[in-house]
Each structure stands twice: as C-alpha cells, then as structure tokens.
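Shown next, in structure tokens, is the structure this report addresses.
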Amino acid sequence: KNEVEQSPQNLTAQEGEFITINCSYSVGISALHWLQQHPGGGIVSLFMLSSGKKKHGRLIATINIQEKHSSLHITASHPRDSAVYICAVKGRTQGGSEKLVFGKGTKLTVNP
Amino acid sequence: DTEVTQTPKHLVMGMTNKKSLKCEQHMGHRAMYWYKQKAKKPPELMFVYSYEKLSINESVPSRFSPECPNSSLLNLHLHALQPEDSALYLCASSQEQGGLSGNTIYFGEGSWLTVV
C-alpha cells in the first residue's frame, strides 16, 4: 500500500466547475504539501499545511490530521488550471533520513 | 527571488558523453535536492545536500555524480548514461533539510534529459 494515495487519478471538468482532489496518507506527518506540475515539467508549491485550512485565490486546501486526509479545492475552475496536482508528505528514507513522499498525482483537465 | 533555476532545459546526450546539469538558487536555502521523474510517475529522490554536504544518496548509480560547489549551486554530473536514464531531472531547495515539516520546498522547471 502506498503511503500517499490520491483520488481521482484523472479528472475532467468544464470551465467554472468546483474541483476537489483528495489525498490520504498512512504515515504520521507534521506537514503536507500540495504541488502543481504543468506539462512543461516545472513544479510549483501551492500549499504547505499542518492543520486547518489555507486559501490562496481560487485554491483552498484543508487537512484533517486525525483522519489523515487532505483536500485541494479549486473554485471557478479555468482551463489554465489544467495540470497534475501532487500531494506530498514527510516520510523516511531507508537510512532513516527525512524525505518527501509523493502521491501519484491527479491529472486535471479543464475544458472551456 | 523565489526561483530555482535549472540549465539546460533540454539535453540530448550519447551513452559515452559526459555532461552536467546545473541548478541555482539565491534564497539562502541550505538544503538542495535532485529528483528524477519518469513520465506519469511522481518524482523520485536521488540526492540531498545539506549545508553543502551530501546527506542523502538514495542508492543512485555512480554514473550520476552530484556536486555542491557552494550554497547556491548544485550540479549533477552525468557519465556513461543508459537510455533508461532519460527522464525529467528536477532540482529543489528548502530552508533546511531537517525542517521539511515546516519549510516550503521550491522546485525548478526541470531539465529534460534524453540519452541516445
């Protein structure tokens, strides 16, 4: 079982729709990252959160530490939101050092 | 300046070539990372430098050789690569390595590597 599970794997929406992407994790964490990756490759850090809720423009991220679950919401979605959204949490390397453990990503396509 | 700059953006190299990927940040971050990403897969950690010292090597083959000349620069030297090493190589940085819990991680745009 992966330490970080995202759903859905793929999501297609019409412009203007409200989008929700979910992330569940099995490791104990103190912070969770939501990242956005465009087809060009670069990754942008959207949020880092350890409790509650954060909002940036049309993006909202929530986390429930007890349930080990986080959601990323996009309001009034736009074609430029089309990207892969990745959830990442702190895990451990085999040697015991900290590293980010990534979910497999959710590919979002917003059609005009 | 919250940028991590990677060069080149695209690199095609033969299996006998020696090339390097470069990464630069001027945010004063003391932790820098190399990730490898294959198509439709999440990034995989390769190396971590903390305070210019190699702190994590995720059992990466020796044909990949990282170097951190100073706190702003991170290189990845490539030699005798295989076609299966073709991937997107991402550099990232954060304030501290041990502070992953509380530090935002910044990624570069990546270098697309093709080994022929």
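From first to last, the protein sequence lines are chains A and B.
Sequential numbering of the first sequence, starting at 1, is according to my numbering.
Sequential numbering of the second sequence, starting at 1001, is according to my numbering.
Quick reminder that beta carbons are idealized off the backbone N, C-alpha and C, glycines included.
Taking the C-alpha atoms as reference points, what is the distance between residue i and residue j?
{"i": "L1054 (chain B)", "j": "A61 (chain A)", "result": "33 Å"}
{"i": "G1028 (chain B)", "j": "P1008 (chain B)", "result": "22 Å"}
{"i": "Y25 (chain A)", "j": "G103 (chain A)", "result": "9 Å"}
{"i": "L1045 (chain B)", "j": "E98 (chain A)", "result": "11 Å"}
{"i": "E1109 (chain B)", "j": "Q6 (chain A)", "result": "23 Å"}
{"i": "K1019 (chain B)", "j": "E67 (chain A)", "result": "46 Å"}
{"i": "L1021 (chain B)", "j": "N1070 (chain B)", "result": "15 Å"}
{"i": "T53 (chain A)", "j": "L32 (chain A)", "result": "For the sequence presented, residue 53 (chain A) should be read as Lys rather than Thr. Taking the straight line joining both Cα atoms gives about 12 Å."}
{"i": "C1068 (chain B)", "j": "V1048 (chain B)", "result": "10 Å"}
{"i": "H56 (chain A)", "j": "M48 (chain A)", "result": "12 Å"}
{"i": "M1015 (chain B)", "j": "Q1025 (chain B)", "result": "29 Å"}
{"i": "V44 (chain A)", "j": "A1080 (chain B)", "result": "31 Å"}
{"i": "S1065 (chain B)", "j": "N1075 (chain B)", "result": "8 Å"}
{"i": "N111 (chain A)", "j": "E1052 (chain B)", "result": "45 Å"}
{"i": "W1034 (chain B)", "j": "W1112 (chain B)", "result": "13 Å"}
{"i": "S1072 (chain B)", "j": "T1104 (chain B)", "result": "17 Å"}
{"i": "G41 (chain A)", "j": "S50 (chain A)", "result": "26 Å"}
{"i": "K1036 (chain B)", "j": "A76 (chain A)", "result": "33 Å"}
{"i": "V27 (chain A)", "j": "H78 (chain A)", "result": "33 Å"}
{"i": "A1031 (chain B)", "j": "C87 (chain A)", "result": "20 Å"}
{"i": "Y113 (chain A)", "j": "V1116 (chain B)", "result": "No answer is possible for residue 113 (chain A): it lies beyond the span of chain A, which begins at 1 and ends at 112."}
{"i": "S1086 (chain B)", "j": "Q9 (chain A)", "result": "24 Å"}
{"i": "V89 (chain A)", "j": "K1041 (chain B)", "result": "16 Å"}
{"i": "R58 (chain A)", "j": "E3 (chain A)", "result": "28 Å"}
{"i": "I1056 (chain B)", "j": "Q14 (chain A)", "result": "43 Å"}
{"i": "S1059 (chain B)", "j": "F1107 (chain B)", "result": "22 Å"}
{"i": "L1078 (chain B)", "j": "P1061 (chain B)", "result": "10 Å"}
Which residues in chain A have a C-beta closer than 8 Å to the C-beta of residue i? List them in chain order.
{"i": "W1112 (chain B)", "result": "G41"}
{"i": "E1109 (chain B)", "result": "G40, G41, G42"}
{"i": "L1011 (chain B)", "result": "The contacting residues do not exist; L1011 (chain B) stays about 13 Å from chain A at best."}
In chain B, what lies closer than 7 Å to residue i by C-beta?
{"i": "G103 (chain A)", "result": "P1042"}
{"i": "L72 (chain A)", "result": "Here the premise fails: no neighbours, minimum Cβ distance about 16 Å."}
{"i": "H33 (chain A)", "result": "I1105"}
{"i": "T93 (chain A)", "result": "I1056, E1058"}
{"i": "K55 (chain A)", "result": "Going along chain B, no residue has its Cβ under 7 Å from K55 (chain A), so there is no contact; the nearest lies around 16 Å."}
{"i": "L11 (chain A)", "result": "Near L11 (chain A) there are no residues of chain B at all, since even the closest Cβ is about 15 Å away, more than 7 Å."}
With a 10 Å radius around its C-beta and 16 neighbouring C-beta atoms as the bar for buried, classify residue i as buried or exposed.
{"i": "S1093 (chain B)", "result": "buried"}
{"i": "F18 (chain A)", "result": "exposed"}
{"i": "G95 (chain A)", "result": "exposed"}
{"i": "A1039 (chain B)", "result": "exposed"}
{"i": "S70 (chain A)", "result": "buried"}
{"i": "T1005 (chain B)", "result": "exposed"}
{"i": "T109 (chain A)", "result": "exposed"}
{"i": "G1097 (chain B)", "result": "The amino acid at residue 1097 (chain B) is misidentified as Gly; the sequence shows Gln. Buried is the call here."}
{"i": "P39 (chain A)", "result": "exposed"}
{"i": "Q1082 (chain B)", "result": "exposed"}
{"i": "G16 (chain A)", "result": "exposed"}
With DSSP as the reference, identify every bridge partner of residue i, one or two as the case may be.
{"i": "H69 (chain A)", "result": "A:S24, A:N64"}
{"i": "V980 (chain B)", "result": "Coverage of chain B is limited to positions 1001 through 1116, which leaves residue 980 (chain B) absent and any answer about it impossible."}
{"i": "S7 (chain A)", "result": "A:N22"}
{"i": "S1072 (chain B)", "result": "Note: S1072 (chain B) sits in no beta bridge, so no partner."}
{"i": "E1117 (chain B)", "result": "Examination of residue 1117 (chain B) is not possible in this model, given that chain B is present from 1001 through 1116 alone."}
{"i": "R92 (chain A)", "result": "A:E98"}
{"i": "E1067 (chain B)", "result": "B:N1075"}
Under 9 Å between beta-carbons, which chain C residues line up against residue i? List them in chain order, please.
{"i": "E5 (chain A)", "result": "Protein chains A and B are contained in the structure displayed, whereas chain C is not."}
Residues of chain A with CB under 9 Å from residue i, in chain order?
{"i": "L1076 (chain B)", "result": "Here the premise fails: no neighbours, minimum Cβ distance about 15 Å."}
{"i": "Q1025 (chain B)", "result": "Simply none; closest approach about 13 Å."}
{"i": "Q1082 (chain B)", "result": "By Cβ distance, chain A contributes nothing, its closest Cβ being about 21 Å from Q1082 (chain B), past 9 Å."}
What residues from chain B crowd round residue i, counting only those whose CB sits closer than 9 Å?
{"i": "I86 (chain A)", "result": "P1042, P1043"}
Residues of chain A with CB under 7 Å from residue i, in chain order?
{"i": "Q1095 (chain B)", "result": "Simply none; closest approach about 11 Å."}
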